[in-house]
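J.:
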Amino acid sequence: MPPNADEESKARHIHDRAAGAAAADRFDAMPEWKKKLYVIIFESDTPAGKAFDVALLVAIFLSVVVVMLESVPVVRARFHDQLIAAEWVLTVLFTLEYVARLLCAPSPLRYARSFFGLIDLLSIIPTYLSLFVLDAHYLIIVRALRLLRVFRIFKLAHFLREGDVLVAALRASRAKITVFLAAVMTTVVVMGTLMYLIEGEEHGFNSIPESVYWAIVTLTTVGYGDIAPETVMGRMVASVIMIMGYGIIAVPTGIFSIELSQAASRAHSKTCPQCNFSESDAEASYCRRCGCRLH
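Residue numbers for the sequence shown follow the numbering used here, so the first one is 681 and each next one is one higher.
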């Protein structure tokens with residue numbers, strides 16, 4: 681029988697705690713210069729760490745501005761060489777920063793596989809890739825995601841922790857939403873094929889794929905208007921699809937809202953040290969399963 685959400689949460693908690701203890705042991709064994717470098721790069725509680733993070737945010741912001749300016753034809757024609765030079769200087773700095781993070785991290789692999797580790801890597805690859813692929817450097821706009829570090833710098837990390845609740849809700853609702861999306865895709869294929877048979881090429885429905893495209897546009901209430909039914913039967917089918925379109929938003933929203941509420945309740949509940957029951961209210965003093973006192 682597959683594990684439930686509580687069992688998965690407990691397993692992740694135990695794994696994270698064990699990984700954290702191992703990382704602490706590795707940190708104690710590191711040379712002193714690595715410890716100092718770690719404090720500057722990874723910690724924002726010290727003056728040096730905060731100054732580094734603020735300087736990093738400024739560099740990230742400048743990098744994003746450079747990419748945006750380079751996409752403007754007038755600016756690119758006049759300052760192309762300067763923008764390219766600035767882009768490479770910033771890329772080299774970010775590369776050195778990434779290497780430094782790997783050097784001083786207690787667990788380099790864990791950092792490299794973390795969210796910020798992956799973003800840090802993806803932010804430097806496009807510039808080097810542009811040596812082989814034309815316009816690949818525009819992909820460094822992903823550096824804008826690095827601005828999320830502002831939450832850590834200004835002690836707003838609890839906002840990011842709330843994101844774990846959203847992720848848990850999405851993970852719990854993925855099966856229901858997948859089934860719903862499969863039903864939607866089946867519907868648009870059937871409706872698109874039906875419209876192709878009703879309207880035909882003389883009314884702009886030149887093929888089944890093009891008719892399916894029309895069904896998707898109509899079902900999502902976008903309605904570009906580049907293709908429109910002209911027969912009475914076709915308009916009746918279109919009306920049905922338009923009405924169904926409101927369910928496209930309502931159904932997954934309802935599914936996600938329920939899971940989000942349950943995930944939020946689990947996140948703020950207490951876990952019993954005796955029986956590991958994790959659904960006691962945050963205000964509870966005793967476990968409702970075994971009666972053990974909660975701390």
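Every residue, glycine too, gets a C-beta built ideally from N, C-alpha and C.
Would you report the Cα separation of T726 and Y718, rounded to the nearest angstrom?
T.: 11 Å
J.: Assuming T775 and I821 make a contact with CB atoms under 8 Å, what is their CB distance in whole Å?
T.: Contact between T775 and I821 is ruled out by a C-beta separation of about 17 Å, above the 8 Å threshold.
J.: Hey, F936 and A849 are a contact pair by Cβ (cut 8 Å); roughly how many whole angstroms apart?
T.: 6 Å
J.: Rounded to whole angstroms, what is the Cα-Cα separation between V859 and V912?
T.: 32 Å
J.: Mind pulling the alpha helix (DSSP H) runs of 4 or more residues that sit fully within the stretch 898-922?
T.: If only uninterrupted alpha helix (DSSP H) runs of at least 4 residues are considered, none is enclosed by the stretch 898-922.
J.: Since I896 and V920 should fall inside the 8 Å C-beta cutoff, what is the C-beta to C-beta distance between them, to a whole number of angstroms?
T.: Not really, about 15 Å apart at Cβ, beyond 8 Å.
J.: Give the list of continuous alpha helix (DSSP H) stretches no shorter than 4 residues that lie fully inside the stretch 772-822.
T.: 788-793, 795-802 and 805-809
J.: Please decide whether S810 counts as near chain D, where near means a Cβ-Cβ distance under 8 Å.
T.: Here there is only one protein chain, and chain D is not present.
J.: Please state whether the Cβ-Cβ distance between G914 and I878 is less than 8 Å.
T.: yes
J.: Give the straight-line distance between the Cα atoms of L825 and I740, rounded to the nearest whole angstrom.
T.: So the two alpha carbons sit approximately 9 Å from each other.
J.: I need the DSSP call for T726, collapsed to helix, strand or coil.
T.: coil
J.: Applying the criterion that 16 or more other CB atoms from any shown protein chain within 10 Å of the CB defines a buried residue, is E658 buried or exposed?
T.: Past the edges of the chain, shown from 681 to 975, lies residue 658, and the structure says nothing about it.
J.: Check whether the Cβ atoms of T901 and G884 lie closer than 8 Å to each other.
T.: no
J.: Expressed to the nearest angstrom, what Euclidean distance is found between the alpha-carbon atoms of L773 and E767?
T.: Going by C-alpha positions, L773 is about 10 Å away from E767.
J.: D761: buried (16+ other C-beta within 10 angstroms of its C-beta) or exposed?
T.: exposed
J.: Comparing alpha-carbon positions, which option in V746, C784 and S724 lies nearest W713?
T.: C784
J.: Applying the 10 Å Cβ sphere with the 16-neighbour rule, what's the burial state of V845?
T.: buried
J.: Can we count G729 as close to the ligand FMN, meaning its CB is less than 7 Å from some heavy atom?
T.: For the structure depicted, the ligand FMN is absent and the ligand set is empty, with no information on it obtainable.
J.: Less than 6 Å between C-beta atoms, sequence neighbours within five positions excluded: which residues of the same chain meet that for L940?
T.: A849
J.: DSSP state of C972, grouped into three classes?
T.: coil
J.: Mind checking L861: buried by the 16 CB within 10 Å criterion, or exposed?
T.: exposed
J.: Would DSSP call F741 helix, strand or coil?
T.: helix
J.: Taking DSSP as the reference, what is the three-state secondary structure of P711?
T.: coil
J.: Taking all protein chains shown into account, do 16 or more other C-beta atoms lie within 10 angstroms of the C-beta of R823, making it buried, or fewer, making it exposed?
T.: buried
J.: Does D733 pass the burial test, meaning 16 or more other C-beta atoms within 10 Å, or should it be called exposed?
T.: buried
J.: Which of the three DSSP states is assigned to V752 in this structure?
T.: coil
J.: According to DSSP, is Y887 helix, strand or coil?
T.: Going by the sequence as given, residue 887 is Ser instead of Tyr. Note: S887 maps to coil in three-state DSSP.
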